[in-house]
Amino acid sequence: MADGFRVQLDGFENLMAMLERAPEDIRVMAVVELEAAAKTAQGEAKAAAPSDFGILRNSIVVDPPTNNGLTQSVSSLADYSAYVEFGTGTKVSIAADPALREYEATFKTGKNIPGMYARPFFFPALYKELPLMVERMK
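With the first letter of the sequence shown counted as 1, position 2 gets the number 1 in numbering that gives the first Met the number 0; the numbers rise by one all the way through.
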């Protein structure tokens with residue numbers, strides 16, 4: 000079983016280096032924006048997550064920030080999060096994003112296991128929010 004998954008909104012090394020050298024008021028504004036982006040992505044993912052009993056939706060959290068607030072993480076902690084996101088068996092569809100392909104492929108199995116279709120909720124929310132956050136931080 001998978002142990003859920005986590006994505007950090009800190010993959011911008013140049014921006015991070017620049018913010019670490021920036022005046023305190025700029026860092027504070029960046030932290031506020033990163034927190035808002037993480038919470039927005041969390042809300043979008045929760046709204047898009049399939050729900051029978053609310054377990055999956057309630058497992059989507061914003062983790063405590065690290066790196067003086069410059070690292071924000073959004074996690075889906077339900078053990079089955081990745082199976083819902085990517086599908087299982089022969090019904091796994093490999094995304095166009097090269098960063099996800101290898102991970103998604105781990106859910107694909109042989110021809111005789113029908114599996115479950117993907118119901119993406121997590122990464123679409125992140126992919127929607129990330130460019131908006133970057134634009135707001137310019």
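For glycine and all other residues, C-beta sits at the position ideal for the given N, C-alpha and C.
Item	Value
Residues sharing a beta bridge with Lys107, DSSP	Gly88
Proximity below 8 Å, CB of Leu18 to CB of Val73	no
Sub-8 Å separation of Val83 and Arg118 beta-carbons	yes
Separation of Gly53 from Phe120, as counted between CA atoms	14 Å
Nonlocal neighbours in the same chain, by C-beta distance under 6 Å from Gln41, ignoring five residues either side	Ile59, Val61 and Val73
C-beta contact flag for Ala29 and Met136 at 8 Å	yes
Spatially closest choice to Met132 from Leu33, Val27 and Leu76, by CA coordinates	Leu33
Residue span of the alpha helix (DSSP H) that contains Ile25, given as start and end	Glu23 to Ala47
Reduced DSSP category for Ser58 - H, G, I as helix; E, B as strand; rest coil	coil
Span of the alpha helix (DSSP H), counted from its first residue to its last, around Ala16	Glu12 to Arg20
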